[in-house]
Structures are given as C-alpha cells and as structure tokens.
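Remember, this note's numbering sits 305 above the position in the sequence shown when you count from 1.
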Amino acid sequence: MSSVGEILYLSRHDVEKLSISMKEVIQVVEEAFREKAKGRTEAPPKPGIHPRKDAFVHAMPAYIPRMRSAGVKWVSGFPENPRHGLPYISGLLILNNLETGFPICVMDCTWITAKRTGAATAIAAKHLARPDSKILGILGCGVQGRSNVEALATVYNNLEEVKAYDIDAENLHRYVEEMTARHGLRVVPAASPRKAVENCDIVVTAGPILKRPQPVIEASWFNEGAFACPLDFDSYWKPETMHSMDKFCTDDREQLMYYKKLGYFSNIPRVYADLSEIVSGRKPSRENSDERIMSMNLGLAIEDMSTAILIYEKAKKTGVGKTLPL
Ligand SMILES: NC(=O)c1ccc[n+]([C@@H]2O[C@H](COP(=O)([O-])OP(=O)(O)OC[C@H]3O[C@@H](n4cnc5c(N)ncnc54)[C@H](O)[C@@H]3O)[C@@H](O)[C@H]2O)c1
C-alpha cells in the first residue's frame, strides 16, 4: 500500500509514552505564536456543537506552514462526565499531508489539550506576569489545574506556593498531595475562591465553562501587580473585575469576538493585545510591577498543531503507534 493510503494511529497511551517534556511544548507553542504574529498561520475561530447543556464538541483546524503542520482537533468537553468516572475532555486530532491533503495521523488529543493549554498560560505569564512571581492561585484542581502548575513551574524557578481551591473536597485533597509530591512546592488548600485569589501573583481559573456564568471573583481580591489567566472563559471573573485590569489580553482577538457573537463574554473590556502581538514584541507586555493584567485564553488550534507535529515526528522516529489502512 502506498504511504498516502495509510495513517499512523496514536492512542492516548502512545502519545504519553513519547515523554515529550513541557519545555518542548512551550517552545513549539511560542514559536507558533511568533508565526501567527507574522501572519503566517491559518486558524479560523473554532465552531462547535452542543449536544448537552454547557457541553461542547469543537472543531479546531490550523495550518502552520513553517512547521509543516496542518490538521484539525475535534475535542469534546462534557461537564457531567466526571460524575460517571470519565474525564471532562476527550477527542481526536488528525494531521494531513501538505501535498496531497490525505490524513497521515490520527491521535488521541487529551494529552495535547492538557499540555498545550498549560504551555499557553506559561507563555502568557512569561511576558505578562511579574518575573518575581512566587504565589500561584489555582481554582479548579483537575487536568488543567495540574498541567498549568507544571508549565508555570517550568518557566518560573522561583515559584514557592500554590493556593488551591476546588468545589469537590476529595479532588482538592488528591490535588494537594499529588502536586506537593510532584513539584516540591508548598501546596495549600484554600477554603474559598477568595482565599485562593488573595495575595497571589498569578491566578489560573479552570472550573467549568458556563454560558450563563455566576462569577464570584471581586476586583478587591486581586493583587496589584498580579496576572490572571482564565481557562474557563468569564465563568469565574466578575465583569467589574475584568474591567479593573490595566491590560486585558487574549490568545486570539478574532476568536474572542466570534464567541462574543455566539452569546459568551457579554461584558468584557476592550482587548489590549493578543498573545502573538505580546510574544513578538509588537505590543509592550508588562510595563511596571503594579499593573494588573489578564489574558483570556480560549485555546487556539495553532497550539495543538505545533504540538501534534512534534508528537507525530517523534512517534515515527521511535516506531510508536499502529499503522492502519485508510
Ligand atoms: N482555554 C483553553 O485553552 C482550555 C483548554 C482545555 C480546557 N479548558 C477549560 O478548562 C476547564 C477545566 O478543564 P479540565 O480538563 O481541567 O477539567 P477537569 O474536569 O479535569 O477539572 C475541573 C475541576 O474543576 C472543579 N470544579 C468544578 N466547578 C468548580 C468551581 N465552581 N470552582 C472550583 N472548582 C470547580 C472540579 O471539581 C474539577 O476538579 C474547563 O472549563 C475546560 O473547558 C480550557
């Protein structure tokens, strides 16, 4: 069979066993943002279907010519899944051959989604948080709560403490034990969202995305000079808190505006810059140690496709995965 007639299938386990480091993911994702700044990427805002309340299945296509990566991620988030012992996020990613358009690889996308989202937070923080940031607040101690600490610890050697909050006491307990052992940081359970936000240098919120949110985070809880990265859209942050930021950034303006049209983000500030403008230096990043900055990161397909090509190439080189006929 000719090579365009077959695909490499990579299961979740195959992807994990390649042991690609967070540092490598951060490098390729940052490179993808630099390419985006030069107008050399293609990634239309992600459309979705919504089979259940607050659930989504998103289609996320992207093409990054310089990385020779083209493909689509088809990713689901079903908030009820954890109640049935299933992860919230699941899905597949397809890579395409650039000359023929044929699919060349199908891989599970849960590892990618966890790692590239953490990497995007770390890249945003590297440019927008204070370099001496030591205290991190995590609200929502699931997959993202874990990968975001891993990524931030990769770029911030001086991190000392994580204040962690979760509505589920058992999840919180497991998280505190696991993250303490894994990162050697002081991980402190917070009794309320307020306790997880106050006195932090960096705050990441990673609870569920709600179309009609009932946000709780007040402007007065958020420190002068702090940086925030919501991964759950505006579900956790009161509009007045977002409006109190000195700089309000996002990973992609076009996608944020697309979601606004769909009925999300009813009351958000004007966008100062997107991450490609920040990473490329086209727009000033943090300008002093007092600025309060937020980067509303919705998740971009260039993050997935830059990481996916790394996975594909390493799998080919090391003989991981199963070849299947088309
Ligand atoms: N922006 C992006 O690029 C991006 C990428 C992936 C996931 N996400 C979003 O990140 C969020 C977390 O995803 P995940 O895969 O880590 O899910 P997960 O199910 O693994 O973890 C979610 C955690 O949040 C907890 N939780 C639920 N409601 C909460 C609340 N009100 N306050 C605090 N904790 C709460 C749950 O108990 C659970 O421990 C989701 O909203 C998901 O859509 C965003």
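Idealized CB from N, CA, C, for every residue including glycine.
With which residues is residue i paired in a DSSP beta bridge?
i    : result
W379 : A364 and L397
Y314 : V411 and K627
I614 : In the DSSP output, where bridge partners are listed per residue, I614 has none listed.
L515 : Paired residues: none, contrary to the question.
E466 : I440 and R491
T510 : L444 and P535
D579 : T555
I522 : W542
I369 : S374
I607 : In the DSSP output, where bridge partners are listed per residue, I607 has none listed.
I417 : Per DSSP, none; premise fails for I417.
I354 : V362
Would the beta-carbon of residue i be found less than 6 Å away from any heavy atom of ligand 1?
i    : result
V448 : yes
N453 : no
N602 : yes
Y393 : yes
D437 : no
A402 : Position check: residue 402 holds Asn in this sequence, whereas Ala was assumed. Flag unset: Cβ of N402 not near ligand 1.
D473 : yes
P631 : According to the sequence displayed, residue 631 carries Leu and not Pro. Checking the Cβ of L631 against ligand 1 gives no.
D537 : yes
A337 : no
T418 : yes
I598 : no
T422 : yes
G568 : no
A486 : no
A511 : yes
G445 : yes
I514 : yes
P352 : no
P387 : yes
A382 : Reading off the sequence, residue 382 comes out as Gly, not Ala. Flag set: Cβ of G382 near ligand 1.
N476 : yes
Assign residue i to one of three DSSP states: helix, strand, or coil.
i    : result
E503 : coil
P349 : coil
S374 : strand
S540 : coil
P535 : strand
M327 : helix
K552 : strand
V573 : Contrary to the premise, residue 573 reads as Ile rather than Val in this sequence. Correct three-state label for I573: coil.
I472 : coil
S600 : strand
A424 : helix
N402 : coil
G450 : helix
A337 : helix
S307 : In this prediction, S307 scores a pLDDT of 48, lower than 50, which makes its location untrustworthy; the coordinate-derived value is nonetheless stated afterwards. S307: coil per DSSP, three-state reduction.
A486 : helix
- Query: Quick check: the segment 605–625 against the segment 320–340, are there 3 or more CB pairs under 8 Å?
  - Reply: yes
- Task: Evaluate contact between the segment 484–493 and the segment 457–469, counting only Cβ atoms and requiring at least three cross-stretch pairs below 8 Å.
- Result: yes
- Item | Cβ contact check for the segment 539–553 and the segment 592–599: 3 or more pairs under 8 Å | yes
- Any 3 or more C-beta pairs closer than 8 Å across the segment 326–335 and the segment 416–427: yes
- Contact the segment 612–624 vs the segment 555–569: 3+ CB pairs below 8 Å: no
- Item | Touching by the beta-carbon criterion (3+ pairs, under 8 Å), the segment 389–400 and the segment 409–419 | yes
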